[in-house]
Amino acid sequence: MFDQKIPFGKYRINKNSPPIIVAELGINHNGDENLALEMVHAAKECGVHAIKLQSYTTDRFIHPEKTEVKALYNIFDSCRLSYESHA
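According to our numbering, the residues represented by the sequence shown are 8 to 94, in order.
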């Protein structure tokens, strides 16, 4: 099983493969598509193999009407990228 090569994008990895480096963009783009693209290009220049974005719909994990989490809702909602931006 561990000698099997597992597909990862254009790579095939197994126990003898060098590490795959994944850059975590998270929500550090603050919902700004242009900043997200700059971060993707910077990660590529650094030689990473892949990037990871946070993809979510805010009201699926934070209730928009609960006053005790309203500040968190506002932060996460302002930092999300649209479906179109992901494409």
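Glycine is no exception: its CB is placed at the ideal position from the N, C-alpha and C atoms.
For residue i, three-class secondary structure by DSSP
| i | result |
| --- | --- |
| Val55 | coil |
| Arg19 | strand |
| Ile13 | strand |
| Lys149 | Here the chain covers residues 8 to 94 and nothing more, so residue 149 does not appear. |
| His36 | coil |
Residue(s) in a DSSP beta bridge with residue i
| i | result |
| --- | --- |
| Glu31 | Lys59 |
Between the CA atoms of residue j and residue i - distance to the nearest angstrom
| i | j | result |
| --- | --- | --- |
| Glu91 | Ser62 | 12 angstroms |
| Asp10 | Glu72 | 51 angstroms |
| Ile20 | Val47 | 23 angstroms |
| Lys59 | Tyr18 | 16 angstroms |
Cβ-Cβ separation, residue j to residue i (assumed contact under 8 angstroms), whole Å
| i | j | result |
| --- | --- | --- |
| Val55 | Val29 | 7 angstroms |
Cβ neighbour criterion (16 or more within 10 Å) applied to residue i
| i | result |
| --- | --- |
| His93 | exposed |
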